[in-house]
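Below is one structure, written out as structure tokens; comments come after it.
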Amino acid sequence: MNCAAVLGAIRAAGTARVTELVRATGLSRPTVTAAVTTLMADGWVEETEAPEIDAPRMGRPARVLRFRADARHVLGIDVGPHKVYCAVADLSGTVVAHARHDVTAARTHAELLDQVETTMRKALAAVPVSLPDIAAVGIGTPGIVDDQRGAVVQAPSVPGWSSLELGSLIRQRLDCPVRVENDVNLAVMAERWNGSGSDAENLILVQWGARIGAALLVDGQLHRGAHGAAGEIGFLELEEEPQGTQADGLGPLESAVGTAWILRRAHSLGDESPDAAAVLVAAAAGDPRALQAVDEACARLARGLASFVSAIDPALVVIGGSITLAGDVILAGLRRHLSRRALVEPRLELSRLGDDAVALGAVRLALADAERRLLDVYTTAAAEHPLP
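Read left to right, the sequence shown gives residues 99 to 486 (the working numbering).
Right, dumping it as structure tokens:
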């Protein structure tokens, strides 16, 4: 338990002297020194040089200790229907390598796992880091996820993924803990950790692209709901008569405001853009036809988003996904239409994390697991070998 306390204090401080650790932990100097010796022997702590500005001019220099963030690594993996993106991070959360693999639809679960493993090995080789040095893995995937089993329960927009036991399948190829979570839930964790939402305890992230999903932080905690389905706004109904899931697996709101709809609407207005990305870029540049298509999509999304805003009363709504190619046009449109429907308007911002959001959230998930297990090593040892 002393080792766990000292390790936590070193991690919190970045670097620390023994005197500072005594003050931070409330332990005696001999106890802190003994804990440091154990942590150094186990490879978690090392000595480093003191900054020149505060290094003593005379006498024996004080030991300056730091956590060895590179002692182990974690993986954050974004597994989607069209790509696998893998980030490798040290135990401080710094991403040291990443790899992306564009994929075609996997016909079997084995093919999907092969694509994940290929991307993972490519990212690890860039550091390099070997598989035994991986402390934990976080995985983000579309659909409703049973986080206890690491299984995809429902994934209407990705045929063949429902009932996918992703966590257990990945564990068969890696000898380390694996956590699986909904991709948008991980993206909102990344926004809170290292993105636009770092100052917000109550936050909604709307991931807007071909699919539409949302995730919620309430009092700084991820709100998953009773069935893990909180935030599935893509399946909100806009019409009086239920529309249900469409033939392409999209929900009613996704079909009404997703990038495929924006492209079709732009074409109907005479815009000849080859794809939705071109329409969004044109809207950002002020093209009137692209602006109209995007504004109509904002009006529709505001209808669905208003109920979320009223129920949660978030301080901030972050907009992520490919829709951000339109830039501030999206924020202006949503503000205008949301102001007509919501009693209180939250702050609106675009995500700064881009395509990295899900993988970064997966890194954060894996880090939390690795940190807990690292401290458990020492607290469990203390329980098994109590002082006489």
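Idealized CB from N, CA, C, for every residue including glycine.
The residue among 207, 347, 436, 286 with its C-alpha nearest the C-alpha of residue 262 is 207. With a threshold of 16 other beta carbon atoms within 10 Å, residue 121 falls short and is exposed. Fully contained in the region 260-339 are the following alpha helix (DSSP H) runs of length 4 or more, in chain order: 264-269, 281-292. Counted as a single uninterrupted DSSP element, the stretch harbouring residue 206 is not any alpha helix (DSSP H), since DSSP gives it neither H nor E.
The C-beta distance from residue 336 to residue 398 rounds to 7 Å, short enough to fall under 8 Å.
Contact check for residue 400 and residue 436: beta-carbon distance about 5 Å, within the 8 Å limit, so the pair qualifies. Contact check between the region 402-411 and the region 372-390: fewer than three CB pairs, one atom from each, fall below 8 Å, which does not count as touching. Contact between the region 228-244 and the region 290-302 is absent: fewer than three C-beta pairs spanning the two stretches fall below 8 Å. According to the DSSP secondary-structure assignment, residue 171 is paired through a beta bridge with 188, 232. One thing to note: residue 172 has its Cβ no nearer than 8 Å to the Cβ of residue 137. Pairing residue 100 with residue 130, the inter-Cα distance amounts to about 7 Å.
Cβ atoms of residue 315 and residue 290 come within 8 Å of each other, at about 6 Å. Secondary-structure assignment with DSSP links residue 244 through a beta bridge to 249. Taking all protein chains shown into account, residue 319 has fewer than 16 neighbouring C-beta atoms within 10 Å of its C-beta and is therefore exposed. The alpha-carbon separation between residue 253 and residue 452 amounts to approximately 23 Å.
Here the C-alpha atom of residue 286 lies approximately 14 Å from the C-alpha atom of residue 176. The Cβ neighbour count for residue 230, taken over all protein chains shown within 10 Å, is under 16; the residue is labelled exposed. Within a 10 Å sphere around the beta-carbon of residue 305 sit 16 or more other beta-carbons, which makes this residue buried. Distances from the alpha-carbon of residue 161 to those of 179, 114, 439 put 114 closest. According to DSSP, residue 135 shares a beta bridge with no other residue. According to the DSSP secondary-structure assignment, residue 129 is paired through a beta bridge with no residue. When DSSP reads this structure, residue 414 sits in a beta bridge with 301, 445.
Collapsing the DSSP output to three states places residue 452 in a helix.
Around the beta carbon of residue 444, 16 or more other beta carbons lie within 10 angstroms, which makes this residue buried. Here residue 144 carries a strand assignment [DSSP, helix/strand/coil].
Residue 449 sits close to residue 294, with the two beta carbons spaced by under 8 Å. The Cβ atoms of residue 389 and residue 427 lie closer than 8 Å to each other. Considering only 198, 132, 106, 416, the residue with the shortest C-alpha distance to residue 167 is 106. For residue 113, the enclosing beta strand (DSSP E) stretches over residues 113-115. When the Cα atoms are used, residue 347 and residue 181 turn out to be separated by approximately 18 Å. Rounded to the nearest whole angstrom, the C-alpha separation of residue 396 and residue 418 is 14 Å.
For residue 200, the enclosing beta strand (DSSP E) starts and ends at 193-200. If the five residues before and after residue 322 are omitted, its C-beta is found closer than 6 Å to the C-beta atoms of 328, all from its own chain and listed in chain order. Scanning its chain for C-beta atoms nearer than 8 Å, with the 5 sequence neighbours on each side dropped, one finds around residue 267 the residues 207, 211, in chain order. Judged by DSSP secondary structure, residue 164 falls outside any alpha helix (DSSP H) and instead within the beta strand (DSSP E) spanning 162-165. Contact annotation, residue 274 with residue 234: C-beta distance approximately 6 Å; criterion of less than 8 Å satisfied.
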